[in-house]
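Residue numbers (full-length UniProt numbering), protein chains in the order written: chain A, 1 to 204; chain B, 1 to 178.
To start, the structure itself, in structure tokens.
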Amino acid sequence: MSENKQLPVIAADISEGDIIKAMKAIPGYIDITPGDFREIYHVAHTLAVQRMLDSVTASGLMTSPVLSIEQTTQLAEAARMLASNQITGAPVVDSEKKVVGVISEKNFLIEMGLGASPSFMQIATHCLHDKSCLVARLHGRTVRDIMTQPAITGDKQMTIGEISAIFTRQKINRIPIVDRDGTVVGIVTRTDLTHGFHIFSQGL
Amino acid sequence: MEFLQKLKGSSQSPPAVGPAEILWSWIGSFIGIGAVSFAHYKMFGHNDLMMLIGSFGASAVLIYGAIRSPLAQPRNLVGGHVLSAIVGVTAYQLLGQQPWIAASVAVSTAIALMHFSKTLHPPGGATALIAVIGSDEVHNLGYLYVIVPVALGAVIMLIIALIINNIPKNRRYPEFWL
Chain A
1 MSENKQLPVI
11 AADISEGDII
21 KAMKAIPGYI
31 DITPGDFREI
41 YHVAHTLAVQ
51 RMLDSVTASG
61 LMTSPVLSIE
71 QTTQLAEAAR
81 MLASNQITGA
91 PVVDSEKKVV
101 GVISEKNFLI
111 EMGLGASPSF
121 MQIATHCLHD
131 KSCLVARLHG
141 RTVRDIMTQP
151 AITGDKQMTI
161 GEISAIFTRQ
171 KINRIPIVDR
181 DGTVVGIVTR
191 TDLTHGFHIF
201 SQGL
Chain B
1 MEFLQKLKGS
11 SQSPPAVGPA
21 EILWSWIGSF
31 IGIGAVSFAH
41 YKMFGHNDLM
51 MLIGSFGASA
61 VLIYGAIRSP
71 LAQPRNLVGG
81 HVLSAIVGVT
91 AYQLLGQQPW
101 IAASVAVSTA
111 IALMHFSKTL
121 HPPGGATALI
131 AVIGSDEVHN
141 LGYLYVIVPV
151 ALGAVIMLII
161 ALIINNIPKN
171 RRYPEFWL
């Protein structure tokens, strides 16, 4: 997936023909030209969309409570926690519950020498040639050794637009949401973001 | 050439109104001007007072024919006429010796003041002008011109507009008061 592909964006445009039809539907003489109305509409529409974007924030998008993993946890135990919770990543916290990083499948795969996003067949091929299945490298090591750090975190007021910009720019898939003293209160993943955009588009 | 491009226009005329709108515009203006001119010819005919001035014909276009227009709202109708009348009488009394200066000052200052006070009402320009170029009867009224005919006539026409424009289901007036 290319992160910087350019999508042709179709502006929510109305034609003067649309405006004239609408003006005909309203009885009475409306003393504005369709062109002037269109100008007003464009500015007002931009403001309305921006207000909607600003109204969808991390506090509504995030999954909460969230499983967080202590940085001193053994990798095997961390993998078991992720697997049993059926998630692919989690915030990593220190002894005071402050976020210090993020751990995900990607960190494990890189550590196993498989690259950031191998296909299943690549992993299977590796395992067939190496009975330890490369997992040996993970033994005796802790989450702190392989996590992504420093953690990119957000606060509850962060808008859907800001979060998607961070995901794209930083090439990350999840962002822990922290309160004022840095304690994790939730997490926004790409799935949450997709869900948020779905709700948002229904409001348009 | 950007200037020539501007001269070509950038939009189009709004759509025509339907027959009901035309009929109600006719009824409103007939009764509105009828009421004011009845007072003028049948009630005030025996003394020096007058009720009917030309600018009321222009007001009728707006308050009976384009009732959604911001220019046609009560604030604009009454405020625009009264302010312009004050400006017109003042311009005549200070600059009447040079009518062309008095006329131009009256209209331009009336427009500026109406803009400033958010009471822009195009017939106000005529009200200011009439105070300068009107008959001796108008000139003799002095500042009474502001009250009768201008304010009184505008209020009578407003009352008719409030009644007639709210009779049809698809019409409503005003859009706002202040």
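C-beta: ideal position from N, C-alpha, C; glycine also.
Values in this document were obtained by computation on a predicted structure and should not be read as measured data.
Which of the three DSSP states, helix, strand or coil, is assigned to residue i?
i, result
"A/Arg174", "strand"
"A/Met1", "Note on A/Met1: pLDDT 44, under 50, position unreliable in the model; no value is reported."
"A/Ala79", "helix"
"B/Glu137", "helix"
"A/Ser104", "strand"
"residue 190 of chain B", "Because chain B in this structure spans residues 1 to 178, residue 190 of chain B falls outside the shown range and cannot be described."
"A/Thr153", "coil"
"B/Ala16", "coil"
"A/Gln71", "coil"
"B/Gly79", "helix"
"A/Lys21", "helix"
"A/Thr88", "coil"
"A/Lys98", "strand"
"B/Gly34", "helix"
"B/Val155", "helix"
"B/Ile167", "coil"
"A/Gly186", "strand"
"A/Thr148", "strand"
"B/Thr119", "coil"
"A/Val93", "strand"
"A/Thr33", "coil"
Determine the contact status of residue i and residue j, defining contact as a CB-CB distance below 7 angstroms.
i, j, result
"B/Gln73", "B/Phe176", "yes"
"A/Gly154", "A/Ile177", "yes"
"B/Val132", "B/Ala91", "yes"
"A/Lys98", "A/Gly182", "yes"
"B/Leu49", "B/Val148", "yes"
"B/Gly80", "B/Gly134", "no"
"A/Val92", "A/Gln74", "no"
"B/Gly153", "B/Phe44", "no"
"A/Phe200", "A/Val56", "yes"
"A/Asp31", "B/Ser69", "yes"
"A/Val143", "A/Ile103", "yes"
"B/Tyr41", "B/Val89", "no"
"A/Ser84", "A/Val184", "no"
"A/Met23", "B/Pro14", "yes"
"A/Ala48", "A/Met158", "no"
"B/Met51", "B/Ala60", "no"
"A/Ser164", "A/Leu138", "no"
If distances are taken between C-alpha atoms only, which option among the options comes closest to residue i?
i, options, result
"A/Asp145", "A/Gly101, A/Gly60, A/Gly89", "A/Gly101"
"B/Ile63", "B/Ser29, B/Thr109, B/Gln93", "B/Ser29"
"A/Gln170", "A/Val184, A/Thr125, A/Thr148", "A/Thr148"
"B/Glu137", "B/Pro19, B/Leu113, B/Gly18, B/Ile53", "B/Ile53"
"A/His198", "A/Ile110, A/Ala165, A/Leu53", "A/Leu53"
"A/Pro34", "A/Val49, A/Lys106, A/Asp18", "A/Asp18"
"A/Ala78", "A/Asn107, A/His45, A/Ala58, A/Arg51", "A/Asn107"
"A/Met112", "A/Ser95, A/Asp94, A/Glu96, A/Arg141", "A/Arg141"
"A/Leu82", "A/Ile20, A/Glu105, A/Glu96, A/Ser95", "A/Glu105"
"A/Arg180", "A/Ile172, A/Ser164, A/Lys156, A/Asn173", "A/Lys156"
Got a sec: is the Cβ-Cβ distance from residue i to anything in chain C below 7 angstroms?
i, result
"A/Tyr29", "Here the protein chains are A and B, and chain C is not one of them."
Looking at C-beta atoms only, is the number of pairs between the region 124-131 of chain B and the region 84-91 of chain B that lie closer than 8 angstroms three or more?
Here the region 124-131 of chain B lies against the region 84-91 of chain B, with 3 or more beta-carbon pairs under 8 angstroms apart.
Please list, in chain order, the residues of the region 143-172 of chain B that have any C-beta partner in chain A closer than 7 angstroms.
Residues passing the 7 angstroms Cβ filter: Asn170, Arg171.
With a threshold of 8 angstroms, are at least 3 pairs of Cβ atoms found where one atom belongs to the region 162-169 of chain B and the other to the region 96-107 of chain B?
They do not touch, by the three-pair rule.
Determine contact between the region 26-35 of chain B and the region 155-162 of chain B, defined as no fewer than three beta-carbon pairs at a distance below 8 angstroms.
Judged by pairs of C-beta atoms under 8 angstroms, the region 26-35 of chain B touches the region 155-162 of chain B, as three or more such pairs exist.
The region 78-98 of chain A touching the region 116-129 of chain A, judged by at least three CB pairs closer than 8 angstroms
Verdict: no, contact absent.
If you pair each beta-carbon of the region 36-49 of chain A with each one of the region 13-21 of chain A, do three or more pairs fall below 8 angstroms?
Remark: three or more beta-carbon pairs, one from each stretch, lie closer than 8 angstroms, so the region 36-49 of chain A and the region 13-21 of chain A are flagged as touching.
Listed in chain order, which residues of the region 13-25 of chain A have Cβ atoms closer than 7 angstroms to some Cβ of chain B?
Here the close residues are Glu16, Ile20, Met23, Lys24.
Pairs of beta-carbons, one from the region 56-65 of chain A and one from the region 189-196 of chain A, closer than 8 angstroms: are there three or more?
Because the criterion of three Cβ pairs below 8 angstroms is met, the region 56-65 of chain A and the region 189-196 of chain A touch.
Measuring CB atoms only, is the region 57-77 of chain B touching the region 107-127 of chain B, in the sense that at least three cross pairs come out at less than 8 angstroms?
With a cut-off of 8 angstroms, the region 107-127 of chain B and the region 57-77 of chain B count as touching, because enough Cβ pairs lie within range.
If the cut-off is 9 angstroms on Cβ atoms, which residues from the region 64-93 of chain B count as contacting chain A, listed in chain order?
Those residues of the region 64-93 of chain B that come within reach of chain A (Cβ to Cβ, closer than 9 angstroms) are Gly65, Ala66, Ile67, Arg68, Ser69, Pro70, Leu71, Ala72.
Cβ-based contacts, 8 angstroms cut-off: residues of the region 5-20 of chain B near chain A
Result list: Ser10, Ser11, Gln12, Ser13, Pro14, Pro15, Val17, Gly18, Ala20.
Evaluate the contact criterion for the region 25-36 of chain A versus the region 16-26 of chain B: three or more CB pairs, one atom per stretch, below 8 angstroms.
Because the criterion of three Cβ pairs below 8 angstroms is met, the region 25-36 of chain A and the region 16-26 of chain B touch.
Residues in the region 45-63 of chain A having any Cβ partner in chain B nearer than 8 angstroms:
Under the 8 angstroms Cβ criterion, the region 45-63 of chain A contributes no residue.
Residues within the UniProt domain "CBS" (147-204) of chain A neighbouring chain B, beta-carbon criterion of under 9 angstroms:
Result list empty, no residue passes.
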